[in-house]
Amino acid sequence: MAPPRLIARHLAHPRGVFGRFVGGLMNRYNRRINRFALELLDVQSSDRVAEIGFGGGVTLAPLIARAAHLTGIDRSCDVVAWATERFQTAIDAGRADFRVGEIEALPLEGNQFDKVCSINTVYFWRSLGEGASEIRRVLKADGVLVLGFLPGDAMARLGFPTDIFTFRSVDDVGHALRQAGFGTVEIRRPEPRTAWNVIFAR
Numbered sequence: 156m157a158p159p160r161l162i163a164r165h166l167a168h169p170r171g172v173f174g175r176f177v178g179g180l181m182n183r184y185n186r187r188i189n190r191f192a193l194e195l196l197d198v199q200s201s202d203r204v205a206e207i208g209f210g211g212g213v214t215l216a217p218l219i220a221r222a223a224h225l226t227g228i229d230r231s232c233d234v235v236a237w238a239t240e241r242f243q244t245a246i247d248a249g250r251a252d253f254r255v256g257e258i259e260a261l262p263l264e265g266n267q268f269d270k271v272c273s274i275n276t277v278y279f280w281r282s283l284g285e286g287a288s289e290i291r292r293v294l295k296a297d298g299v300l301v302l303g304f305l306p307g308d309a310m311a312r313l314g315f316p317t318d319i320f321t322f323r324s325v326d327d328v329g330h331a332l333r334q335a336g337f338g339t340v341e342i343r344r345p346e347p348r349t350a351w352n353v354i355f356a357r
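All residue numbers for the sequence shown refer to the numbering used here, where the first residue is 156 and numbers rise by one.
Put into structure tokens, the structure is as follows:
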């Protein structure tokens, strides 16, 4: 079942009080994919990690707890403000920071992260190629990307609005990552019939 258009708009770009409410819905709805993605990411205490498009922010606390440093990027100023307020202690300790930014022009220096994760964001990328290239740019040479999303055919069956969501096939996302320089691009799902996919790329 597709979300109402108001909720769909806030899934793409959360704002204000209603955006926080939708963020809570995202956290509950995405519980399984987030948990699976974190398992694949396998964050170690020495890792510098970036999460791109952290939305409802449910993965931020476990990432901060495990990583040497977490940088969160989101295009919503409100989301970044909420995370900054919530995790001020980690920021003050030099273990986290949060920035406003778009995937096509990440506000980050190159070659600085061991791991990057991004869940349910590819629908809002203007360009798969530019997004993949930016992630590759900020990752270290042996860095890992974990990218989770619902494929376009499944989204089409659910009736997601195409003027808000751009449907992405698994093949198109994988091709963009390979073109950007990722040598390993593997599709992972906890069960064969799981609708969503998590791409593990190195």
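Backbone N, C-alpha and C fix where the C-beta goes; we use that ideal spot for every residue, glycine too.
With contact defined as three or more Cβ pairs closer than 8 angstroms, the region 300–307 and the region 241–253 are not in contact. The C-beta distance from I188 to V353 rounds to 7 angstroms, short enough to fall under 8 angstroms.
For the 7 angstroms CB-CB criterion, V204 and A222 form a contact. Per the C-alpha coordinates, the member of D247, G286, I274, V277 positioned closest to L261 is G286. Here the alpha carbons of R333 and W351 stand approximately 20 angstroms from one another. Listed in chain order, the beta strand (DSSP E) runs fully inside the region 229–300 are 251–255, 268–274, counting runs of at least 3 residues.
Exclusion of the five residues before and after V271 leaves V204, A205, E206, I207, I290, V293, L294, G298, V299, L300, V301 as the residues of its chain whose Cβ lies within less than 8 angstroms of its Cβ.
Apart from sequence neighbours up to five positions away, the residues of its chain that approach A245 with a beta-carbon distance below 6 angstroms are I219, A251, ordered along the chain. At the C-beta level, F355 and R344 stay beyond 7 angstroms of one another. Between A335 and S273, the CB-CB gap reaches or exceeds 7 angstroms. Secondary structure of E346 (DSSP, three-state): coil.
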